[in-house]
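In my numbering, the protein residues as written are 5 to 240. The beta-carbon is built from N, C-alpha and C at its ideal position, and this holds for glycine as well.
The following block contains the structure:
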């Protein structure tokens, strides 16, 4: 498998970013600035992220036109602010929504990614829109060789069009690409169109009470503890 692979496409939300703790910290700072009463920002972050799949499903069903992730995040945020009884003006809402542009990386990501770049193309492949992913990379220092987005195919992962479009943009056969993610459905979607697959568990993605997804034995080509372990297994 290793000699054939020329590029890694890497999921972003949850796989390389600790979105939950970032959103919690952003919410706390905003709440203090606004003088809001005590809010369970862990619950708020989970619900904001939890609205992501249902919102994308509305697009898939045609209940919403094609919509990128920034507006979907904003739609979910507006609903949560109303439910929690929190008032923000348009500028403040937009700034809070851009918290998703400022997500922090997991500790192993930058170093491990730089090791992998010594041999492979390393590209983001995310449902996030290109402007979001670009600003996130600028903020966090992600050393992507390129940013690929579901926006390019106007489909969301795990729809096969997303992976096929990524392969076309990289000018590679699917079997020359290693999809890397912490989410089984993402890797299954990539594998269905011929990508090789690497699973990296993120037990803290949903906080201290969360747990990592657990693939079956042999389900994916590689299971690695983190990006450094992935680099070790690939001999980089």
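Environment of residue i [buried if 16+ CB atoms lie within 10 Å]
{"i": "residue 189", "result": "exposed"}
{"i": "residue 191", "result": "buried"}
{"i": "residue 105", "result": "buried"}
{"i": "residue 110", "result": "buried"}
{"i": "residue 9", "result": "buried"}
{"i": "residue 98", "result": "exposed"}
{"i": "residue 220", "result": "exposed"}
{"i": "residue 77", "result": "buried"}
{"i": "residue 61", "result": "exposed"}
{"i": "residue 15", "result": "buried"}
{"i": "residue 122", "result": "exposed"}
{"i": "residue 182", "result": "buried"}
{"i": "residue 284", "result": "The requested residue 284 is not part of the displayed model; the chain covers only 5 to 240."}
{"i": "residue 65", "result": "exposed"}
{"i": "residue 86", "result": "exposed"}
Euclidean distance between Cα positions of residue i and residue j
{"i": "residue 12", "j": "residue 50", "result": "28 Å"}
{"i": "residue 168", "j": "residue 53", "result": "26 Å"}
{"i": "residue 148", "j": "residue 198", "result": "23 Å"}
{"i": "residue 32", "j": "residue 45", "result": "7 Å"}
{"i": "residue 38", "j": "residue 29", "result": "14 Å"}
{"i": "residue 131", "j": "residue 161", "result": "6 Å"}
{"i": "residue 173", "j": "residue 90", "result": "43 Å"}
{"i": "residue 236", "j": "residue 93", "result": "49 Å"}
{"i": "residue 96", "j": "residue 163", "result": "34 Å"}
{"i": "residue 193", "j": "residue 57", "result": "15 Å"}
{"i": "residue 239", "j": "residue 175", "result": "24 Å"}
{"i": "residue 75", "j": "residue 103", "result": "13 Å"}
{"i": "residue 70", "j": "residue 166", "result": "14 Å"}
{"i": "residue 27", "j": "residue 82", "result": "15 Å"}
{"i": "residue 158", "j": "residue 100", "result": "25 Å"}
{"i": "residue 222", "j": "residue 59", "result": "32 Å"}
{"i": "residue 21", "j": "residue 114", "result": "11 Å"}
Proximal residues to residue i (C-beta, below 8 Å), its chain only, five neighbours per side dropped
{"i": "residue 4", "result": "Lying before the first or after the last residue shown, residue 4 is absent from the chain, which here runs from 5 to 240."}
{"i": "residue 234", "result": "116, 120, 184, 202, 204, 226 and 228"}
{"i": "residue 88", "result": "43 and 48"}
Contacts around residue i, its chain only, beta-carbon distance under 6 Å, and the 5 residues preceding and following it disregarded
{"i": "residue 24", "result": "49 and 211"}
{"i": "residue 178", "result": "171, 197, 198 and 199"}
{"i": "residue 118", "result": "147"}
{"i": "residue 35", "result": "43"}
{"i": "residue 55", "result": "80"}
{"i": "residue 139", "result": "105"}
Residues near residue i by beta carbon distance below 7 Å, same chain, minus five either side
{"i": "residue 84", "result": "48, 51 and 52"}
{"i": "residue 134", "result": "151, 153 and 155"}
{"i": "residue 68", "result": "62"}
{"i": "residue 40", "result": "90"}
{"i": "residue 112", "result": "230, 231 and 232"}
{"i": "residue 180", "result": "8, 9, 10 and 11"}
Integer Cβ distance of residue i from residue j, believed to fall under 8 Å
{"i": "residue 155", "j": "residue 19", "result": "So it is not a contact: roughly 18 Å between Cβ atoms."}
{"i": "residue 108", "j": "residue 144", "result": "6 Å"}
Give, in chain order, every unbroken run of the alpha helix (DSSP H) that is at least 4 residues long and sits entirely within the stretch 114 to 165. 134 to 144
For the stretch 45 to 115, list the alpha helix (DSSP H) runs that are entirely contained and at least 4 residues long, ordered along the chain. 45 to 54, 56 to 64, 73 to 88 and 94 to 101
So within the stretch 151 to 230, which uninterrupted alpha helix (DSSP H) runs reach at least 4 residues, ignoring any that extend past its ends? 164 to 174 and 188 to 196
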